[in-house]
Each structure stands twice: as C-alpha cells, then as structure tokens.
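First residue of the sequence shown: 3, per our numbering; consecutive thereafter.
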Amino acid sequence: MKRLLAWVAAALLISGCAAPARPQQPVPAASGPAETPSPAEVQTLSSGSAATGKSAAVSSANPAASAIGAQVLQRGGNAVDAAVAVSFALGLLEPNASGVGGCGYAVYVPAEGEPAFYDYRSAAPAAFDPGAFTALPAEEQKHSVAAAGVPGAVAGWLSLHEQYGRLPLGELLEPAIDLSENGFEVLPFLASLFTDNYNLLLKDESCAALLLNDDFPYMEGEVMKNPGYAKTLRKIAAEGRDGFYQGEIAEAIVSASSARGGTMTLEDLASYEVRVGKPLEGNYRGFTILTSAPSSSGGIALIESLNLLERCDLPASGVNTPLTLHRMGEAFKIANADRYSYVGDPAFTDIPTEMLISKEYADERAALLSDERVLSDLEVLPDSQSTSTTHLSIIDAEGNAVSMTNTLGTYFGCAVAVDGWGFLLDNQLHDFSIGEWAANAPGPGKRPRSSMTPTVLLRDGKPVAALGSPGGEAIVSTVAQIICDLVDFGMPVDEAINLPRIYQNCTGPLVVEGGHAESTLSGLEALGHTLQRREELDYFFGGVHAVVRNADGTLTGAADPRRDGGVCAY
C-alpha cells in the first residue's frame, strides 16, 4: 500500500512533460502488452493538458484519479479495472459531480470480442408519486430528497468489474480509501463550486457536516478528508454489492430519505438492476461510432447529428467558421427536437431508435436545412439537466477501451448526505419532463431520460478514440464537435478540446463560448442566429476527457481546461 501511495504522489509531481508529435487523425494501429514502465516513465499532466504514451492512457476529471487509474494498469489491471478504481476515487475527489449515491452509463469495447453498454441510471422508487412530485415547487423538485433516485453507480461499476475486471475489488479501492482518511487537496474548480453553492450546502445539516469546513467553504489548496467514505468503500470491498444495497448502508440511505419525506425503501435498493446490452452503432465518414443507448438520449442525438453533418463538406467550410458553426447548430436543433419527442425509459416507452439513427431518416430531416437561413424553432420543450457530471476515458495496453460518464444530477445532487457514510444522494428524478412530453414523463420505477453520451470510435473494428463529457443538454453538441474536429479537421485531441464551442437546443438562441472571432459571430448573426455569449473556457460547455490512438500506435490522453482534469499516459 505504501508503495502504491508513494507512486501516486511521485506521479502527481511530474508535470510539463512534452508529448511526442501526433498525427492529425486517429487511425488504428496494432497494440499489445508492453513492459511495465517505472514511475519516471509515466507522463502525468494537470488541468487542460495532454500526455502521450506507448501503451496506455487515462483521462479523467482529477489528476489524482487519473494517476490511480494508470497505476492500476501498471499493476496488471485492464481498462475496466482502471475505470472502476477511477470512478470510486472521483466519488471522493469530485463530490459535486458523481459518487456512489449517483448513476451513469459505460461503453466497453474490447480489443477482441463484443462491445457492451451498461445502463446504471438511477430509478424512481416504487412508491414515487408523479402527481405529488410535479405539485412541488420547482426548487423542491430539484433540491430536495424527493428528487433522489435509487442509485445505480455501485451496481453498475461492480457489474462491469465482475464481468471484465482482473484485479481484486479491494485492491482497486485502496487508493480512494487512503485519500479519504489522509486527505486530498481541493483543486480550483471544486473550490469555486463550494463557494458558488455555499447556501445549498448549508441547507441540510448532513450535507454541511460532510462538505463544509466548520460551516465555511473549503478553499483551493486546503486538505479535505472524508473518513465516512473510507468506511463505505471498506464495506463494499468486503461484501460487494450486498454491502451497499443491503444492510447498514442501505438502512442509512432509507433513513436519510424517509427523515426528509422521501419514499425510497430497502426493497427499492435490493431490487435495483443494471441493464446490460449493446451500445448504439453509427458510422461517420468511415469511423464506427459506439455510444449510449436509451435510457440515455445522448447516443441517438449524437448519431443523428453526425448523420446530418455527414451531408456537409465541413473540411471545405473550415474550423469554427460561420458556415461550419451554422451547419452544426442546425443539426443539433433537429437532433434535440427528436430526442425530446421520442426518448424515455425503454422499459416504459416504445422508442423508434433504428429510425432515428438511420441514414434514411437523416436524409428526410436534412430537407429542413439550409446554408442560407436559420431553421425556425421546433415546437418541443427542452429538458432541464445539469453540468454536474463527470467523464473518464481509458485505453489500455491491449487496446481495450472504456468510456464512462457518471453523475449526481445537478451540483451536489439533492444536497442530502447519508450520515456516517460519506456520500450524497443524487437528484436524478429532476430529469423527468414535467409537462406534456409523455416519453419522459415521471413514474414509479422509471429511469429519467439523460443526455450522457459516453462514446468510442473504431476504425477497421479497433478502438481509436474514447471520449465523453459532462454538460447536461450540451453534452451531445460538445461530443459531436470533438468528433468533427478529430475526423473532419484532423486536429490533435488536446487542440480539439481547447477550441471554443457552441450549443444549440431545439429552441432558443445559439449559445457561443468566448474565444470565437468577432467576425465569426457577426457572420452567424448575418445568417439569422440570435447569439447568447458566454465566457471563455466556460464549464457550461462540459469537460471533455478523451484518449486517442495515433497513427504510430501511441496513445494521447487529453483533459479539458474547463475542469480540474488530468491525464496519465505511459
């Protein structure tokens, strides 16, 4: 254990390593097991950086979490082992965004064999009353235990590990347990969220005790500890799924819910099921796209957006020009309208998935598009989702790829902690559509629609990129823009991530990130767009964490400067 912690500490001190030159477009290359490197050979860079290695790369929303993932790979683990270790670590290091009280989705693509999609989205309790929920004030629908779903994260991570992992679960949880007990440094983005959400964190005594420092926000650079989380992880390491979904922890979850008027029961927790199937498959200019299936709507919208954009000569129109951004915005407008109209929990809603992701349907919808004018707003109400999500991407030395997106909902979930166990409950039920859109209407046992879009790109059947992002409704447009930057414009992945972005819902203004040229914005206005301007490197546009295989077989990981992310590669 001391050796592991010493390695993590040493790895985090290594910064500024120059990444080798990268080709302009990801293409497949043969890969195989490499010799285990020494710690000095591992590149570890901080927020907004990229690192390239010969064998493997890990990119996540915290440098310490990425270092843990790389060490798992070096100790003989595979991409799934690393993803599980990173996810449990992020539950501690990013308490605003994910954790054992939340949920998510994962796309796993092995170097050989069949890809898999894991849906461990939170579900409404069996006694959930849609009428009572919709009658609550909007703030209570968002920031009260009424919005807490039955958490799927632990079941999802353990199910993935049981099927594909190699290392013992306890070994994967050791680093997070140690950080929980001995403390970790609060990074800038997390510190800003503690300050910005201070009143929310103060509202519930359990949340304030867990996340505030004597009722004051933690500041950047301060050390934060969470011994309750270590207790939770030890329970899971010893007892597996039952250690969380039955017994003391389950009883504490139910107690936290019922004490505040919630409806979650021990039966809800014990009966939670992970849904395992195939990822959705699309094709964009010769690259296979494997991405999230419903209950997420993100994969459908991503494939539809790319199908529409495939009809445009983006390389000719250029990077972030008015015409390119116009085409992207209009494609996102149509794809968002369709996902809001059709997508919900597939166990309760018939979804015309194959139609929506087909090239033929894109041909039909493309008739609405014009390079000279803006498509009138489509009559669909948007979702109300959050940027409080996290994404990690890993490709290991054997070529196995994991793209995983986890969430608590809005920042800090429902801001209710489970006393003594060191984690928050999510507020995923806030993602139900409150209104006439039946596909995502609230109901007992249902999983609310999500925008999460973990994605893997393949060329000739081999994974060449893993990527995804937080960002609520902006996730799809963010992931699509990165794919276009990689495929259409041949950009290195870190440059693609650093580019300013746009977001267009099915209705409303075109949201533009700071950093676009004024001439570009004027050109968009001339085409008829109403612009909403935001700051440079604005976290509204997500936090992409990606790994790309280069033409020479090396792997480059990149982390988004909009978050506290970091990369390890060797």
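Even glycine gets a Cβ: it sits at the ideal position worked out from N, Cα and C.
Residue environment, residue i, which counts as buried when at least 16 other CB atoms sit within 10 Å
{"i": "K144", "result": "buried"}
{"i": "K205", "result": "exposed"}
{"i": "P324", "result": "buried"}
{"i": "A140", "result": "exposed"}
{"i": "A440", "result": "exposed"}
{"i": "V152", "result": "buried"}
{"i": "K464", "result": "buried"}
{"i": "V74", "result": "buried"}
{"i": "N201", "result": "exposed"}
{"i": "N184", "result": "exposed"}
{"i": "A261", "result": "exposed"}
{"i": "S259", "result": "buried"}
{"i": "S471", "result": "buried"}
{"i": "G223", "result": "exposed"}
{"i": "D373", "result": "exposed"}
Residue i and residue j closer than 9 Å at C-beta
{"i": "F196", "j": "A66", "result": "no"}
{"i": "A58", "j": "A399", "result": "yes"}
{"i": "L92", "j": "N408", "result": "yes"}
{"i": "P354", "j": "Y342", "result": "no"}
{"i": "D121", "j": "S297", "result": "yes"}
{"i": "A349", "j": "G447", "result": "yes"}
{"i": "Y107", "j": "S452", "result": "yes"}
{"i": "V88", "j": "Y166", "result": "no"}
{"i": "V276", "j": "F491", "result": "no"}
{"i": "A157", "j": "Y274", "result": "yes"}
{"i": "A155", "j": "V225", "result": "no"}
{"i": "C508", "j": "A339", "result": "yes"}
{"i": "T267", "j": "I251", "result": "no"}
{"i": "I238", "j": "L160", "result": "yes"}
{"i": "P456", "j": "L431", "result": "no"}
{"i": "T54", "j": "L557", "result": "yes"}
{"i": "G411", "j": "F130", "result": "no"}
{"i": "G346", "j": "A443", "result": "yes"}
{"i": "A364", "j": "F334", "result": "no"}
{"i": "F425", "j": "P281", "result": "no"}
{"i": "L94", "j": "N228", "result": "yes"}
{"i": "A482", "j": "A403", "result": "no"}
Chain-order list of residues whose beta-carbon lies under 7 Å from that of residue i (same chain, five-residue window excluded)
{"i": "E142", "result": "A148"}
{"i": "A560", "result": "A52, S61, V495, D496, I499, A548, V569"}
{"i": "L533", "result": "P511, L512, V514, L523, L526, E527"}
{"i": "C416", "result": "H145, S146, V147, A149, A150, L427, D428, N429"}
{"i": "G264", "result": "V147, A148, A150"}
{"i": "M454", "result": "G106, Y107, S294, S298, G300, T391, T407, T409, I477"}
{"i": "K361", "result": "N309"}
Beta carbon proximity, residue i to chain D, threshold 9 Å
{"i": "K56", "result": "Considering every chain present, this structure includes no chain D. It has just one protein chain."}
Per DSSP, the bridge partner or partners of residue i
{"i": "M454", "result": "According to DSSP, which records beta bridges pairwise, M454 is partnered with nothing at all."}
{"i": "G279", "result": "F119"}
{"i": "S406", "result": "Reading off the sequence shown, one finds Met at residue 406, where the question assumed Ser. M406 is bridged to A108, L394."}
{"i": "K464", "result": "R461"}
{"i": "I485", "result": "In DSSP, I485 forms no bridge with anything."}
{"i": "T351", "result": "In DSSP, T351 forms no bridge with anything."}
{"i": "I291", "result": "G284, L459"}
{"i": "V495", "result": "DSSP, once it has assigned bridges, lists no residue as partnering V495."}
{"i": "L469", "result": "T457"}
{"i": "L512", "result": "Q506, L533"}
{"i": "F425", "result": "V420"}
{"i": "F218", "result": "N215"}
{"i": "L560", "result": "Note that residue 560 is Ala in the sequence shown, not Leu. Looking at the DSSP assignment, A560 forms a beta bridge with A52, A548."}
{"i": "A125", "result": "V152"}
Residues near residue i in its chain [Cβ-Cβ closer than 8 Å; skip 5 each side]
{"i": "E538", "result": "P502, E515, G516, G517"}
{"i": "H163", "result": "V82, D83, V86, L171, L174"}
{"i": "G530", "result": "R375, V376"}
Cutoff 6 Å; reference residue i; Cβ partners in own chain excluding five residues on either side
{"i": "L189", "result": "D566"}
{"i": "L212", "result": "A419"}
{"i": "F191", "result": "R565, D566"}
{"i": "R313", "result": "A368"}
{"i": "M221", "result": "A193"}
{"i": "A113", "result": "E400, G401, N402"}
Self-check item: alpha helix (DSSP H) runs contained entirely in the stretch 514 to 557, provided each spans 4 or more residues
Solution: Complete alpha helix (DSSP H) runs here, min 4: 520 to 528.
Quiz prompt | Sequence ranges, alpha helix (DSSP H) only - wholly within the stretch 221 to 281, length at least 4 | solution = DSSP runs (the alpha helix (DSSP H)) wholly in the stretch 221 to 281: 229 to 241, 244 to 247, 249 to 260, 268 to 272.
Quiz item: In chain order, which alpha helix (DSSP H) runs of at least 4 residues are fully inside the stretch 49 to 82?
Solution: Those alpha helix (DSSP H) runs which fall completely within the stretch 49 to 82 and span 4+ residues are 65 to 76.
Quiz prompt | Those runs of the alpha helix (DSSP H) which lie wholly inside the stretch 127 to 210 and span at least 4 residues | solution = Listed in chain order, they are 132 to 137, 140 to 144, 155 to 166, 171 to 184, 190 to 198, 200 to 205.
Practice problem: Output the residue ranges of the alpha helix (DSSP H) runs that lie fully inside the stretch 308 to 350 and measure 4 residues or longer, sorted by chain position. | Solution: Counting only runs of 4 or more, we get 316 to 319, 324 to 344.
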